[in-house]
Structures are given as structure tokens and as C-alpha cells.
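Since the structure comes first, as C-alpha cells, the remarks are kept for the end.
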Amino acid sequence: MSSDLEGVREVLRVAELTKNYGGLKAMDSISFAVNRGEVMALVGDNGAGKSTLVKALSGAQPPDSGQILINGQPIELRSPRDADDAGIGCIHQSLGLVDALNVPENVFLGRELQRKRFGFLPELDHASMRAKTVELLERFGVNVSSLNKPVVKLSGGQRQSIAISRLLLQDVSLVIMDEPMAALGVDEGQRVMDLVSTMRDEGISIFIISHNLEHVFQIADRIAVLKNGRLVDVVETATTSRDAVIKMITFGSAN
Ligand SMILES: Nc1ncnc2c1ncn2[C@@H]1O[C@H](COP(=O)(O)OP(=O)(O)OP(=O)(O)O)[C@@H](O)[C@H]1O
Ligand SMILES: [Mg+2]
């Protein structure tokens, strides 16, 4: 992280983000900010606009209007590549792994390391990719039974961890996760939550969509609630009850 950013507390700010689908406002003037090293959860009923917001932040589908600021700077995210360059890592529910490839191959997918054989013949540097993968997995406390297995043979939690490791290879300051625990068992879900804590400890901000309020209350510093494309409120987890959040999701107000 460059020193001129140290004073900037907000990693992300969105201002009046709006997106229409025909006559339907999927996002209606949404404004909020995510701080450095913070876990913010995004909750809301089906159709509330969560995925629309994530698509705007990942560059997959730009908003009609409004502004996105990264580290205080306005930015236009017109493609996933733009989000990548801005230090925003996104894990979609599909994870984006290639089943037939092994762990290091997936971690380095599209960013393969090369070396020169005999000093001039370019070839894939499998040893370095493997060593870097081991280092990453150790740093984030991820256990994978075998690096050489095709990832289709690994558990859901391990696959999730590999998708995260892939992001951490880049210099990300914000990780967006769309329902990361949805398809996982209790133990595996807990492991992904531990990984989220570790990322936060490293100063990475996390924006996590979840329907599971138990997870949300365990992991999030703050909770943003959406309803019908509108931001109901952003609340501090420590001073909010689960009942209040359920009321906000359902009725658009805690009272
Ligand atoms: N491509 C599209 N064309 C038309 N309407 C869309 C499109 N994508 C989303 N919508 C509508 O926009 C609204 C918000 O959808 P969105 O997918 O963002 O909700 P969500 O909060 O992610 O819901 P879920 O919890 O079901 O994933 C919904 O009413 C949805 O039907
Ligand atoms: Mg969705």
C-alpha cells in the first residue's frame, strides 16, 4: 500500500448509484462507504438489488448513474479488468475455478509464471507457482489435501479457499464475496469465515453478501440492508439485534 493512501480511511464509497431495468429500479440512489480493514455484510430479500450492486462494483455491469470512489478517487468500472486494476477482487458464487486443473494451476490461472529454459526458451515455471501457492495457503491457514488433484475432487470449502487465494495473489484492497457460505457445510463455512477474519487482519476490506444472519452477526463489523433497490440503513453489528435487521429486511424499517 503506498504511503499517500495511509490517511484514506475509506476503501470504497458509492454515491447515488442507480440502475434501471425497464421501469424497475434495481438500484435506487444507493450511497455508503466501506472502511479499510472492515467486514461489511450486505443483506436483503430476493430481488433487493444485491447482485446488481455487486455487478456494478465488479465492473460486470456499470450503473446508469452515480459514482464509485476507490481510496477517495472517482473511478469508472466498465469491465472486470477495470475492477481488477483498481484492487477489487470479486468471488462470484460459481467461483470461476477450472475443475480439471490442479490447485497451483487454478491459483495462477491467466497469470502463469514463466521461466527460460537454457536461458532463452520460455516455459511454465511450475516449481515457482507451486512454491508460491504453498506460501499463500500457509499464510492464510488453508489446508488442502493435495495440490496435484484436479480441484473438482476437493471439498466446497477448499475450493472456496482456492478462489480466495487466487485473489490474494494480486494486490487487492477490497474483496467482494457473493454468498460464499451458501453451499458449504457447517465446518467448511466456519473455515471460510476464519479466512475472512485473516484477510481483515491483513488490512483487506471485505464486502460479503449472505442470507445467513448467524454468519453475518459473527463476522461483520457493519451491516448494509437493501430493500427494493434502496439502502434501508447501514448499522453497527455490535449495537444491533438480529430482530432489528430482520425487520429492516422485511419492512424497510426497524420500528
Ligand atoms: N438483467 C435483468 N433484467 C431485468 N431485470 C433484472 C435483471 N437483473 C435483475 N433484475 C431485477 O432487478 C431486481 C434486483 O435484482 P438482483 O438480482 O440485484 O437482486 P438480489 O438482491 O441479488 O436477489 P437474490 O437474493 O434473489 O439474488 C429484481 O427485481 C430483478 O428481477
Ligand atoms: Mg442475487
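To convert, note that position 58 of the sequence shown is 966 in the numbering used here; the numbers rise steadily by one, no gaps. All residues carry an ideal CB built from backbone N, CA and C; glycine is no exception.
When C-alpha distances from residue 1130 are compared across 1119, 1124 and 1144, the shortest belongs to 1144. With a cut-off of 8 Å on Cβ pairs, the segment 1132 to 1150 is in contact with the segment 931 to 942, counting three or more such pairs.
With respect to residue 1078, residue 1101 sits apart: the two C-beta atoms are not nearer than 8 Å. Taking the Cβ of residue 958 as the reference point, at least one heavy atom of ligand 2 falls within a distance shorter than 7 Å. The bridge partners DSSP lists for residue 1135 are 1138. Between residue 950 and residue 1117 a beta carbon distance of about 5 Å is seen, short of the 8 Å cut, so the two are scored as contacting. Taking 3 residues as the shortest admissible run, the segment 1013 to 1045 contains the following complete beta strand (DSSP E) segments, listed from N- to C-terminal end: 1022 to 1025 and 1029 to 1032.
Under DSSP, residue 975 shares a beta bridge with 923. For residue 985, the shortest C-beta to heavy atom distance toward ligand 1 is 7 Å or greater.
Closest option to residue 1128, judged by alpha-carbon separation, among 936, 937, 1151 and 1104: 1104.
Per DSSP, the unbroken beta strand (DSSP E) holding residue 948 starts and ends at 947 to 951. One Cα belongs to residue 997, the other to residue 1073, and the distance between them is close to 11 Å. Nearest C-alpha to residue 1114 among 1122, 1097, 1098 and 1088: 1088.
As for any alpha helix (DSSP H) of minimum length 4 sitting wholly inside the segment 1067 to 1110, the runs are 1094 to 1109, ordered along the chain. Excluding residues up to 5 positions away in sequence, 964, 985 and 986 lie with their Cβ nearer than 7 Å to the Cβ of residue 970 in the same chain. Exposed is the label assigned to residue 982, since fewer than 16 other Cβ atoms lie within 10 Å of its Cβ. In the DSSP assignment, residue 1113 forms a beta bridge with 1082. Sequence-distant Cβ neighbours of residue 946 in its own chain, meaning closer than 6 Å and more than five residues away, are 1113 and 1129.
For residue 1016, the number of other beta carbons within 10 angstroms of its own is at least 16, and it is reported as buried.
For residue 942, the enclosing beta strand (DSSP E) starts and ends at 932 to 943. Around the C-beta of residue 1012, 16 or more other C-beta atoms lie within 10 Å, and the residue is accordingly described as buried. Non-local C-beta neighbours of residue 999 in its own chain, meaning closer than 6 Å and more than five positions away in sequence, comprise 1071 and 1085, ordered along the chain. Between the alpha carbons of residue 1152 and residue 1162 lies a gap of roughly 5 Å. Classified as exposed, residue 1032 has fewer than 16 neighbouring CB atoms from the shown chains inside 10 Å of its CB.
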